[in-house]
Amino acid sequence: MNTYAVVYGLKNTTDKPLLAAFTTHNHPDHYLSGKTFLQHFPEAKHYATPETVQGIQNEALNKTEFWSAAYGPDIIAPVPAIPTAYNFSFFTLPGDEKCPIEILENVGGDTIDLSTFWIPSTKTRIAGDVVYGHQMHAWLADLLTPALTESWLTTLDFIGGLKPNLVIPGHALSADTFSAVTDVDHTRDYVSFFQKNVEAKGTDFYTPQEISNTIEDAFPGLTNLTSSTTSATLLNITSENFGRGGQRQVHYFDLTNMYNDTDILDGWRLQWCCHTLLDDLIPLGLYHADEWMDSVI
1 MNTYAVVYGL KNTTDKPLLA AFTTHNHPDH YLSGKTFLQH FPEAKHYATP ETVQGIQNEA
61 LNKTEFWSAA YGPDIIAPVP AIPTAYNFSF FTLPGDEKCP IEILENVGGD TIDLSTFWIP
121 STKTRIAGDV VYGHQMHAWL ADLLTPALTE SWLTTLDFIG GLKPNLVIPG HALSADTFSA
181 VTDVDHTRDY VSFFQKNVEA KGTDFYTPQE ISNTIEDAFP GLTNLTSSTT SATLLNITSE
241 NFGRGGQRQV HYFDLTNMYN DTDILDGWRL QWCCHTLLDD LIPLGLYHAD EWMDSVI
């Protein structure tokens, strides 16, 4: 869907003003059209997490130049819109202050530091590129370490465990197919298949064509469901990025050496251990008997 279709759809769906637009991560398809979009909503704010803002600033000019050459300056704005850092983990809307929308920040997905949104009142997860529609291939070119792949799977398990009523994926062919589990299950199956059948073999084990054939055999028909070439492009990028002699994606931050520890990537998962804060504080006489239950980690 192009930017103008989004603008038209939004303006014809609601008469409420657009207060803000959030960019969920630093992939160029999530910010290069921002300037064109925001021109139609001049009062709207443009936000992203500080980590995403930093990632966009680090690569925006290079990505703009690359994709402008591919699609033309009429499609890619020559100067991208850089979002403002949003420093809160939730927000409220006028008249709905008792129903805050929560931001799940810096989780693993098709890249690092993704944001997803949780609407508790309707149990809706706006998943960004943590979840792909079940009729599409996924972007895997940022999975340069096993830890990054495992982190994505951990996030998917977390989302599924919340038992949402609806999950809105970052990429899909149609909103008519949204559900609570279908796209989450598809994305988990897709990433797990890559993990076991491509990543485990090592980069350059297969040729790009062999990777493409392997994934297409497991997930047939995802390249020709519509006239859109997006799904086929995603499969081709994966095949080239991990195939022997393939064309590698250029990354403007070090995914290989800095993102290889699942304990760091999934640091939000506090693990049980035999040592607790209680062990430290009881000898110091800092606890009353009726307080200890509130502070055990």
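Numbering follows full-length UniProt numbering, with no gaps: position 106 of the sequence shown is 106. Every residue gets a Cβ at the ideal spot worked out from N, C-alpha and C, and that includes glycine. For clarity, every value in this text was computed on a predicted model and none was experimentally measured.
Point to revise | Close Cβ partners of Asp290 (< 7 Å) along its chain, the five nearest in sequence each way excluded | key: One-based indexing of the sequence shown puts residue 290 at position 290. Summary for Asp290: the model assigns pLDDT 43, below 50, so the residue's position carries little reliability; its value from the coordinates is reported in the next sentence. Counting only Cβ-Cβ distances below 7 Å, and skipping sequence neighbours, we find nothing.
**Study point:** C-alpha gap between Ile168 and Thr116, whole angstroms
**Key:** The sequence position of residue 168 within the sequence shown is 168, counting from 1. The sequence position of residue 116 within the sequence shown is 116, counting from 1. Approximately 10 Å, taken between the alpha carbons.
Practice item. Could you check what DSSP says for Leu234 in three-state terms: helix, strand or coil? Key: For the purposes of this step, residue 234 is taken as residue 234 along the sequence shown, with counting starting at 1. It is helical.
Practice item. Quick one: measure Cβ to Cβ for Phe253 and Gly109, integer angstroms, because I've assumed they're closer than 8 Å. Key: As a first step, residue 253 must be located in the sequence shown, where it is residue number 253. As a first step, residue 109 must be located in the sequence shown, where it is residue number 109. Not quite, the Cβ-Cβ distance comes to about 15 Å (not below 8 Å), so this is no contact.
Exercise for review: Using three-state DSSP, classify Ala77 as helix, strand or coil.
Suggested key: Within the sequence shown, the letter at position 77 stands for residue 77. The answer is coil: DSSP assigns Ala77 none of H, G, I, E or B.
Exercise for review: On a CA-only basis, which of Phe41, Lys35, Gly34 and Thr187 is nearest Leu18? Give me that one, please.
Suggested key: Residue 18 sits at position 18 when you count from the first residue of the sequence shown. Considering only alpha carbons, the answer is Phe41.
Check your understanding: If you drop the 5 nearest sequence neighbours on each side, which residues of the same chain put their C-beta closer than 8 Å to that of Tyr206?
Key -> Taking the sequence shown and counting its residues from 1, the one referred to as residue 206 is at position 206. Excluding residues within five positions, the ones whose Cβ falls inside 8 Å are Val198, Thr214, Phe242, Gly243 and Arg244.
Check your understanding: For Ser89, which of helix, strand or coil comes out of DSSP?
Key -> Here residue 89 refers to the residue found at position 89 of the sequence shown. Coil.
Exercise for review: Could you check which residue in Thr14, His25 and Gly9 has the C-alpha nearest to that of Gly170?
Suggested key: Taking the sequence shown and counting its residues from 1, the one referred to as residue 170 is at position 170. Checked all of Thr14, His25 and Gly9; the closest Cα to Gly170 is His25.
Review point. Run through DSSP, which three-state label would Asn164 get?
Key: Here residue 164 is taken as the residue at index 164 of the sequence shown, counted from 1. Rather than Asn, the amino acid found at residue 164 in this sequence is Pro. Note: Pro164 maps to coil in three-state DSSP.
Review point. Where do the ends of the alpha helix (DSSP H) carrying Ile215 lie?
Key: In the sequence shown, residue 215 corresponds to position 215, counting from 1. Element bounds for Ile215: Pro208 to Ala218.
Exercise for review: Determine the direct distance from the alpha carbon of Thr155 to that of Val6, and round the result to whole angstroms.
Suggested key: As a working note, residue 6 is residue 6 in the sequence shown. As a working note, residue 155 is residue 155 in the sequence shown. The alpha-carbon atoms of Val6 and Thr155 are separated by roughly 28 Å.
**Study point:** Val191 burial status per 10 Å Cβ neighbour count (16 or more: buried)
**Key:** Within the sequence shown, numbered from 1, the residue matching residue 191 stands at position 191. By the 10 Å Cβ count, Val191 comes out buried.
**Study point:** Per-residue DSSP class, three states only, for Tyr8
**Key:** Position 8 of the sequence shown, counting from 1, holds the residue named residue 8. Correct three-state label for Tyr8: helix.
Review point. Based on Cα-Cα distance, which residue from Ser212, Thr145, Leu153 and Thr233 lies nearest to Ala200?
Key: Along the sequence shown, read from residue 1 onward, the residue named residue 200 stands at position 200. Comparing Cα-Cα distances from Ala200 to each of Ser212, Thr145, Leu153 and Thr233, the minimum goes to Thr145.
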